[in-house]
Structures are given as C-alpha cells and as structure tokens.
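Numbering (my numbering), first residue to last: 119 to 648.
No residue lacks a Cβ here, since even glycine has one placed at the ideal position from N, Cα and C.
It should be emphasised that the depicted structure is a prediction, and the values quoted were computed from it without experimental measurement.
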C-alpha cells in the first residue's frame, strides 16, 4: 500500500503535507507546554520556599514578601535568607516549623556558595615523564663521533659505535640528508626539525640555524629529543586525606626510592590545605615532573548533584537561567512579533488600498527607514538610556515591521479591485470598514504564515544581541549571555551544550509550526491543471 502511495505523485504530496501538518500540531503543543512551564518558573526553580509553616502560621513567600523580622524577630525589615533561616534552632529543633522549596531550590540570580558543593577530599599526584634529550656529532660520511646522553636513542647495539652510520641506523629522510649536506657545504641554513623512528621509539631531530664559516665544518651536531605523545607514559595516583594510596596503585609507586616517597607524601599533605609547586624526581633512570592537584570548586563548575546542568561563571544555576531565559525569549518574541505585525498590517493595508502617490511616497520613506543600521541605533540608544527589555523591544520593533508590510501591501493591491470591494464602495461603505472588515480577512494569509518564522527570527535575534552584549542588561537570564560565557570558558562544555540545545529545540519547533501552517494555506493543493 505504501509503495502504491508513493508511485502516485498527488498521493505522495498529500501524504507529505499531512505529515508536515501533524508534525506542526505536535510541535505547537510542545512549544505551548514549554512556554507554560516557563511562566511558572518561580514554582520550579527558586531560592524562595513555596510554603513556610512557622509558629502555627502558614506563609507563602513565593507569592508574598515577608520581612526577616517575621521569622527571626530581629527587627530587620530586609529580604530574608530563607536557607539560612532554615538552619536556625527555630526550624532544626522544632519539627512543626518547616519549609517546602521548589524542585530546583536555586533562582536564576542566586549565587551558590562553593561550600555547599560536595567534592572529593582526595589529592592527586600526576607523574609526567620529562622527554630525554641527547646530541650526536656526525661526519661527512655520517659516521658517529662525539655523543652526549645519547645511549637511550641508540638502544641495544650489535656493533661498535665507530662502525655505525647514522643515516642508516636512524633511517634519515631525504630532506634531513639535504639539510645536513647543505651545512657541510658551508651554506646558510635555517632552523629545521624532523621526526623519525629510533630503536627507542619516535624522536625529533633538531638542526640549529647555520651561518657560513671561513672553513667548512668537519662535523655537524644533531639534537635528538624523545617524543612522548599525550598521556602515553603519564601516571596518576590518588591519595586519601591520610595520604595513603587509593587502589589500584600503579607499579611506579613501588619503584620510587623511599626518600622520594617521603618528600611526595609531605607535599601531598601540604596540598590538602594550599597549592604546592611541582617537584622533579628520578624513577628507574628516568626524570619525572610530579604535580599535585585537589578538586576545588571554581566557577564555572560542571553538573553535580542539585545542579544537573552545571553552574555558570558567576556561580548561578544554569538550569534556572535556561528556564527563565526561555520565558524571556518567548515573551520577547511574541510581544515583538505581535506589535510589528500590527504595525506592518496597518502600513501595508493603507498603502495597498489607496495606492497612487500615497503608496509611492510611503514606499520611498520605508526604503529610507529600512536602510538605517539597526545595530548602531541599538548601541546609541543603549549608551544614552541604558539597556532594558522595553528599549530593546521598541528599537527592534521600529525596524522589524517593514518586511510584513510588503506582503500585506501586495495582498491589498491584488484585492482592492475585486468585485466584492467595488460592490462595498458602491453601497457607500466607509473605507476603514472596507479595509478591516472586507479586505483584511482575505489578506491575512501571509501574516499567519510568517508569524512562526518571525517568532523564530526574534528569538534568534535576542540571543545574538545578548551574545554581542547589546541585548538585555545583566544579570537578566539569557541564552545569549550563557553562550558568551562559553566563549570565555571554552572548556566548560555545559555552557555550550545546554543553551545551544535549548535555542535549537525552540527554533526547530517554531520552524515546524511555520511549515505546517504554510502547507495548510498553500493554494497549490487546491488547483490542478486538467
């Protein structure tokens, strides 16, 4: 049945249109549910309790302000810190007094105390090997002469050092040989680095800059450096607060000298209280750099218990800021699109209905107005009046209505000569009634179709302006502001992932709704050329 459906072009189009409209219906409900949840953000993410029972009385701090004096009797009429009050004897020693907080007991503007975040008390010892370095002097025939710390790179030898040719033993590349021959020819040569393999593993060969001399050199010095890739030989050990190794213990700990262990234990004990410098030691004829670490709370901080989306650079809960940012973004988008749609409909309908010189003059003025750079106007107005929600809404709305006015004007130019409009004029119906009662209902198709796409554009524009620093004033919760933090702390993946995911989902749902509406009002599905 499905195969037959897709062999029929008309049936396939109807099926795809039905799927698009169904997807739009589901997306619309998801968007409405998300917006509905965001409208009640204070009941989901808030540092203020939903309900307080104190001395036989009920209080609802989430809906009404109560001064601190009500719960402490301190005489202070300032905003109370309910989490601190909850730790007082009036609540800890009396079970009749209690508080009920929202599921996420942190508001979007609340600074989280680092002491409230539980971290491991263990300290970490990282042993990073120091790459071995050696040098060798080679003759014109690539014979090996004087060496220094070079035995590691030679590895086990099956013949005397004097009989070894360096180019064959280390498989010199053509470029390396050419660089060496250029120096033997007493020609200027720049600093070069080459990578090759030795019996001990991958090494880096360095040729320093060479300047011509009175006599050509008899030997050329090559610098060899061991290549240690990534964490190939790095060892990490964990110690509990008693400075005892936490299993599994790497074998390298047993290979250390007793004196080195004593020094490392002393430095690990110091690291429990304060940072310490690195320490260099030798283990099994190899040099290591020992660094000491301990998990500390520094913002931004990754997701932990109680903060499923992490903490931003100012110590605020990311989930709370994303939820409140959703409400601000959708409210801003709806208000902006609603206001600009009305303004654009009015301008386009007047132009399209009357036409003539009024239409031409208005079009030229609109073109001049749309040529004004919006971003510069926003920067100028923000520097004079300060950034605010209403200022951003007004400034953006003054430029965002132009596009929809073009579509409404075109619809009115198309409909104003229709018979039903001419009949209304002959009956003496006033122009404003013809515009708003007769023509307007038939000209709203582009308005309805473009509404979801305009909403998506408004949400994206707000995020972009906040990211650039020209949007809402801090510390207003904003997705763009979180993305700006992510640019400063690129290692903080949670500041990149969650705001981007929220922005992507909301914009994708809006696009799905727009596509479904467009398919619903598409006139081509009702026309067919026989």
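Closer than 8 Å by C-beta to residue 187: which residues in its own chain qualify, once you throw out the five before and the five after it? Chain order, please.
193, 194 and 195
My output table needs one value for residue 427: the three-state DSSP class, helix, strand or coil.
coil
Whole angstroms is fine: what's the gap from residue 203's alpha carbon to residue 169's?
14 Å
Going by CA-CA distance only, name the one from 142, 601, 303 and 183 that's closest to residue 418.
601
Measure the alpha-carbon distance for residue 239 versus residue 358 and round it to whole angstroms.
7 Å
I'd like to know if the segment 442-462 and the segment 617-635 are in contact, where contact means that at least 3 CB-CB pairs between them fall below 8 Å.
yes
Contact check, residue 407 vs residue 383, beta carbons under 7 Å:
no
Contact check, residue 595 vs residue 439, beta carbons under 7 Å:
yes
Check whether residue 431 and residue 603 have beta carbons under 7 Å apart:
yes
Beta-bridge pairing of residue 459 - partner residues as DSSP gives them
BP columns for residue 459 are empty, so no partner.
Using alpha carbons as the reference points, say which of 341, 370, 347 and 342 lies closest to residue 354.
370
How should residue 323 be labelled, buried or exposed, when 16 other C-beta atoms within 10 angstroms of its C-beta is the threshold for buried?
buried
Can the beta-carbon of residue 520 be found closer than 7 Å to that of residue 484?
yes
Decide if residue 644 is buried, meaning its Cβ has at least 16 other Cβ atoms within 10 Å, or exposed.
The predicted model places residue 644 with a pLDDT of 48, which falls under 50 and marks its position as unreliable, so this point remains unresolved.
Between which two residues does the beta strand (DSSP E) harbouring residue 169 extend?
169-172
Please report the straight-line C-alpha distance between residue 99 and residue 397, rounded to a whole angstrom.
Since the first and last residues shown for the chain are 119 and 648, residue 99 lies out of range.
Cβ-Cβ distance between residue 225 and residue 154 below 7 Å:
no
Where does residue 409 fall in DSSP's three states?
strand
Of all the options 374, 388 and 411, which has the alpha carbon lying nearest to the alpha carbon of residue 399?
374
Can you tell me where the beta strand (DSSP E) holding residue 217 begins and where it ends?
216-218
Nearest by alpha-carbon distance to residue 461: which of 493, 489, 510 and 516 is it?
516
Whole-angstrom distance between residue 356 and residue 367, CA atom to CA atom
8 Å
Residues bridged to residue 175 [DSSP beta-bridge criterion]
172
Minimum Cβ-Cβ distance from residue 432 to chain C less than 7 Å
Protein chains in the displayed structure number just one, and chain C is not present.
Hey, residue 436 and residue 235: beta-carbon distance below 7 Å or not?
no
Determine the extent of the beta strand (DSSP E) in which residue 354 is found, giving its start and end residues.
353-357
Provide the residue(s) that pair with residue 419 in DSSP beta bridges, ordered along the chain.
429
Measure the C-alpha to C-alpha separation of residue 522 and residue 181 and round it to an integer number of angstroms.
40 Å
Taking Cβ positions, are residue 252 and residue 267 nearer each other than 7 Å?
yes
Helix, strand or coil, according to DSSP, for residue 607 in the structure here?
coil
What is the C-beta distance between residue 557 and residue 531, in whole angstroms, given that I count them as a contact (C-beta under 8 Å)?
So it is not a contact: roughly 10 Å between Cβ atoms.
Could you give the DSSP three-state label for residue 630: helix, strand or coil?
helix
Our contact map puts residue 629 next to residue 574 with C-beta atoms below 8 Å; I'd like the distance itself, whole angstroms only.
6 Å
Residue 272: which of 292, 313 and 321 sits nearest, CA to CA?
321
For residue 579, I'd like the list of residues in its chain whose CB is within less than 8 Å of its CB, leaving aside the five on either flank, ordered along the chain.
514
Thinking C-beta only, is residue 526 closer than 7 Å to residue 572?
no
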